[in-house]
Amino acid sequence: MTSSSAHQLFFSAQPRTSVAWAGTRHVEDTKDELRLPVDASETVTISGVPVRDFAIIEQMARVDAYLQAHGDAAPAEAPRSRAKEHEVAELGSRDALVERHEMAHYTTAGEHAASQPVYKYRLGPDGKSYRVGGHVMIDTAPVAGNPEATARKMEIVYRAALAPSSFDSLSGADLAVAALATSHLNKAQKEIWERQNAALSRQAMQSPVLVLF
Numbered sequence: 291m292t293s294s295s296a297h298q299l300f301f302s303a304q305p306r307t308s309v310a311w312a313g314t315r316h317v318e319d320t321k322d323e324l325r326l327p328v329d330a331s332e333t334v335t336i337s338g339v340p341v342r343d344f345a346i347i348e349q350m351a352r353v354d355a356y357l358q359a360h361g362d363a364a365p366a367e368a369p370r371s372r373a374k375e376h377e378v379a380e381l382g383s384r385d386a387l388v389e390r391h392e393m394a395h396y397t398t399a400g401e402h403a404a405s406q407p408v409y410k411y412r413l414g415p416d417g418k419s420y421r422v423g424g425h426v427m428i429d430t431a432p433v434a435g436n437p438e439a440t441a442r443k444m445e446i447v448y449r450a451a452l453a454p455s456s457f458d459s460l461s462g463a464d465l466a467v468a469a470l471a472t473s474h475l476n477k478a479q480k481e482i483w484e485r486q487n488a489a490l491s492r493q494a495m496q497s498p499v500l501v502l503f
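Its first residue numbered 291, the sequence shown is counted upward by one per residue in our numbering.
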């Protein structure tokens, strides 16, 4: 390479021989100096490859200058990208858990479920909607005039309220429904016991009494 001209331009540039992206930018560093030739007869060697095209060399110099000026932009994107991926992963896990939780209530309640699962959604950074909460309406009213039916119903309602407890924490509403079902169940069982005792008393009074001397 000649160096006789006083008008030669030198750029403190590092030719990019390879670029790989994995959250952060990595550029293979070389110590070659990028120099614009004065005429078309001069050859510039970049990373061991001779280049004569002035336009290509000039373009590479401009790209290199831009990368040097914005060198911190790509690494700054990496934490934000990882945070976004982490948030999306958490939302995906939460979505699956919410669906499983509410379906446990719904399927266990059976005919006593007064609604299908209703969900609350949140928009994720990826533009998708994720379930972050929900509820199922359950009929907790006692069966009028039938304590036996009430007892059977409340046993189901109680199990439905606590159904997700094996894999997820219970909400305040879940515990409240379980407590209400327990209260109705206790009242129904008390009524059943009282009715049975009353029937036994009536039966005893109607039986003939034999007096032996």
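Note that the Cβ used here is the ideal one computed from N, Cα and C, for glycine as well.
Exposed unless 16 or more other CB atoms sit within 10 angstroms - verdict on residue i
i: Y396; result: buried
i: A296; result: Since pLDDT at A296 reaches only 36, below the 50 mark, its modelled position is unreliable, and no value is offered.
i: K443; result: buried
i: A403; result: buried
i: A441; result: buried
i: L381; result: buried
i: R485; result: exposed
i: G313; result: Caution is warranted here: a pLDDT of 35 is assigned to G313, below 50, making its placement in the model unreliable, and the coordinate value is therefore given only provisionally. The residue is exposed, with fewer than 16 neighbouring Cβ atoms inside 10 Å.
Residue from the options whose Cα sits closest to the Cα of residue i
i: E445; options: V426, K477, F457; result: K477
i: E377; options: R485, G417, L452; result: G417
i: H391; options: L381, A403, P407, E401; result: P407
i: S419; options: P437, L490, A379; result: A379
i: R421; options: S456, S383, G435; result: S383
i: S371; options: E348, Q349, P415, A471; result: P415
Backbone secondary structure at residue i - three-state DSSP
i: G435; result: coil
i: K418; result: coil
i: A404; result: coil
Neighbour flag for residue i against chain C, beta carbons, 9 angstroms
i: N436; result: No chain C appears in this structure, which consists of one protein chain only.
Start-to-end residues for the beta strand (DSSP E) that takes in residue i
i: L413; result: 408-413
Endpoints, alpha helix (DSSP H) assigned at residue i
i: D464; result: 462-496
Inter-stretch contact at 8 angstroms, needing at least 3 Cβ pairs: the segment 350-358 / the segment 380-391: no
Assess contact between the segment 424-432 and the segment 463-471, defined as three or more Cβ pairs (one per stretch) separated by less than 8 angstroms. Is contact present? yes
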